[in-house]
Amino acid sequence: MRLHSRLMVTAALGTALALPASANDFDTYGQAPPEFVPIQPVSDFVFILGLGVGAAPAYEGASEYKMTFKPIVDVERFRWGFIDVGGEDDRGGFSFSPSVSAEGERISADYSALNGLDNIEASYALGARVGYEFVFNDAISAEIYGAVRYAFGGAQGLIGEVGMDVTARLSPQLEITGGPVVNFASEEYMDTYFGVTSAEAVATGGRLGAFDPTGGIKSVGLQLEARYEFIPDTFVTFNASYSAFVGDARESPIVKSGSEQQFTVGLGLARRFSF
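If you're matching positions, the sequence shown starts at 711 in this note's numbering and goes up one per residue.
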């Protein structure tokens, strides 16, 4: 707003306080005209936080499933100094964000298919994700992305994925995102979860043969997520995925004793917070 415009608004407000309001200053329902409505400040930090429950394979390559509990965390906007990421005006182009994942511990005695194998402690992975979004219209967009993380804990090595997500905003409340994804892992990581040492092969009584996998593409699949804002800033979420092991992961005796096809499904509740 220009300086002289500010002075005019200030003078008008002063007159309004000194004199009775004219009937023309309000609409039929007694509401102030738009120029009297204060502008809401843009939040510097907007994020979504919640909790999801679902079902997933008990371990990589398992045919058995277990219940899962996972946090829902999504940063929609972050503004600090010259950094301004996210928001409705930031659709399209390159994006960069942290990437985090975790794999729970694998206790071999809990599963008959793994008896004789060494236990694996929980693994955690930290890294980065980069993507490029194509915006076709207000309702449809597509993003090509890739992520790489370094795993530590029970397993070490590089893991990550590349894929494409298509997002359809079917209404102001309903958004659906999904697309293909390819997962990869380094040899060190693959050896931890899909390898079988000679000593382990003997401990299984020969049921699982010795196997030394190499790194590369681990699996290919599809993933889908839907989010419905049933009341302002509160969402119910649904997600599902399918993947199939390929290459050395598929040839692993651990996968052959379980399943090369993996499914996940989940339901969650989350809320948006703004600061």
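Just so it is clear, CB atoms sit at the ideal spot from N, CA and C, and this is done for glycine as well.
Quick one: Cα of G870 to Cα of S969, how far?
-> Locating residue 870 in the sequence shown gives position 160, counting from the first residue. Locating residue 969 in the sequence shown gives position 259, counting from the first residue. Those two C-alpha atoms are separated by around 21 angstroms.
DSSP bridge partner residues for L979 (one or two, in chain order) | As a position in the sequence shown, residue 979 is number 269, starting the count at 1. BP columns for L979 point to L761, V946.
Around the Cβ of G978, are there at least 16 other Cβ atoms within 10 angstroms (buried) or fewer (exposed)?
-> The count along the sequence shown starts at 1 and reaches residue 978 at position 268. A residue is called buried once 16 or more other Cβ atoms fall within 10 Å of its Cβ, and G978 is buried on that count.
Would you mind sorting G915 into buried or exposed? The rule is 16 or more other CB atoms within 10 Å of its CB.
-> The residue labelled residue 915 in the question sits at position 205 within the sequence shown. When all chains shown are included, G915 counts as exposed.
Three or more beta-carbon pairs under 8 angstroms between the segment 830-850 and the segment 810-821, yes or no?
-> Result yes; three or more Cβ-Cβ pairs closer than 8 angstroms.
For Q866 and S682, the rounded distance between their alpha carbons | Outside the shown range of the chain, which is 711 to 985, sits residue 682, and nothing can be said about it.
Give the secondary structure of I830 by DSSP, where H, G and I count as helix, E and B as strand, and everything else as coil.
-> Here residue 830 is taken as the residue at index 120 of the sequence shown, counted from 1. Note: I830 maps to strand in three-state DSSP.
Tell me, please, which residues DSSP counts as bridged to I964.
-> Looking up residue 964 in the sequence shown gives position 254. DSSP output for I964 lists no bridge partner at all.
Do the segment 878-888 and the segment 909-925 meet, that is, are 3 or more Cβ pairs less than 8 angstroms apart?
-> no
Under 9 angstroms between the Cβ atoms of G771 and L918?
-> Residue mapping note: residue 771 aligns to position 61 of the sequence shown, counting from 1. Residue mapping note: residue 918 aligns to position 208 of the sequence shown, counting from 1. Not a contact, by the Cβ cut-off of 9 angstroms.
Identity of the residue in S822, V785, F757, Y903 nearest G863 by Cα | Position 153 of the sequence shown holds residue 863. Ranking S822, V785, F757, Y903 by Cα distance to G863 puts Y903 first.
What residue range is occupied by the uninterrupted alpha helix (DSSP H) comprising F904?
-> Here residue 904 corresponds to residue number 194 of the sequence shown, with the count starting at 1. It spans 897-904 - the alpha helix (DSSP H) in which F904 sits, taken as one unbroken run.
Span of the alpha helix (DSSP H) around E910 = Taking the sequence shown and counting its residues from 1, the one referred to as residue 910 is at position 200. Counting along the chain, the alpha helix (DSSP H) containing E910 begins and ends at 908-913.
Among the residues of its own chain, which have a CB less than 7 angstroms from the CB of A954, if the five just before and after it don't count?
-> Within the sequence shown, residue 954 is the residue found at index 244, counting from 1. S929, V930, G931, E970, Q971, listed in sequence order.
Cβ-Cβ distance between F945 and G764 below 9 angstroms | By one-based count along the sequence shown, residue 945 stands at place 235. By one-based count along the sequence shown, residue 764 stands at place 54. No; because the gap between Cβ atoms is not below 9 angstroms, this pair is not in contact.
Quick one: is Y842 buried, meaning 16 or more other Cβ sit within 10 Å of its Cβ, or exposed?
-> The count along the sequence shown starts at 1 and reaches residue 842 at position 132. Exposed, by the Cβ-count rule.
Which residues bound the beta strand (DSSP E) around T877?
-> Here the question's residue 877 lines up with position 167 in the sequence shown. Start and end: 867-879.
For G905, which residues of its own chain have a beta-carbon under 8 angstroms away from its beta-carbon, when the five flanking residues on both sides are left out?
-> For this step, residue 905 is matched to residue 195 along the sequence shown. Result list for G905: F921, D922, P923, S962, in chain order.
For T974, which of A768, V756, S984, S851 has the nearest alpha-carbon?
-> Taking the first residue of the sequence shown as 1, we reach residue 974 at position 264. It is A768 whose Cα lies nearest to the Cα of T974.
Spell out the partners DSSP gives A819 in its beta bridges.
-> Here residue 819 is taken as the residue at index 109 of the sequence shown, counted from 1. DSSP lists no partner for A819.
Distance between D828 and E910 (C-alpha atoms, nearest Å) = Along the sequence shown, read from residue 1 onward, the residue named residue 910 stands at position 200. Along the sequence shown, read from residue 1 onward, the residue named residue 828 stands at position 118. Across the structure, E910 and D828 are spaced so that their CA atoms are roughly 7 angstroms apart.
Neighbourhood of Y860 by C-beta, 7 angstroms cutoff - its chain only, sequence neighbours within 5 removed | Indexing the sequence shown from 1 puts residue 860 at position 150. Once the five neighbours on either side are set aside, the close Cβ partners of Y860 are A835, L836, G837, L868.
In angstroms with no decimal places, state the Cα-to-Cα distance between I850 and Q883.
-> Residue mapping note: residue 850 aligns to position 140 of the sequence shown, counting from 1. Residue mapping note: residue 883 aligns to position 173 of the sequence shown, counting from 1. When rounded, the distance between both Cα atoms is 15 angstroms.
Identify which residue in D943, A857, A823 has its Cα closest to the Cα of S809.
-> Counting from 1 along the sequence shown, the entry for residue 809 is found at position 99. The shortest Cα separation from S809 among D943, A857, A823 belongs to A857.
Can you give me the start and stop residues for the beta strand (DSSP E) that L824 sits inside?
-> Translated into positions along the sequence shown, residue 824 becomes position 114. It is not in any beta strand (DSSP E) - L824 carries neither H nor E in the DSSP assignment.
Secondary structure at A959, three-state DSSP: helix, strand or coil?
-> The count along the sequence shown starts at 1 and reaches residue 959 at position 249. Three-state result, A959: helix.
Cβ-based neighbour list, G802, same chain, cut-off 6 angstroms, excluding 5 preceding and 5 following = Locating residue 802 in the sequence shown gives position 92, where the first residue counts as 1. The residues are E843, V845.
For D754, count neighbouring C-beta atoms within 10 Å of its own C-beta (all shown protein chains included) and say buried if the count is 16 or more, exposed if not.
-> For the purposes of this step, residue 754 is identified with residue 44 of the sequence shown, where counting begins at 1. D754 should be labelled exposed.
Since K780 and G762 are thought to touch, with beta carbons under 8 angstroms apart, how far apart are those beta carbons, to the nearest angstrom?
-> Here residue 780 refers to the residue found at position 70 when the sequence shown is read from its first residue. Here residue 762 refers to the residue found at position 52 when the sequence shown is read from its first residue. That belief holds up - the Cβ atoms of K780 and G762 are roughly 5 angstroms apart, short of 8 angstroms.
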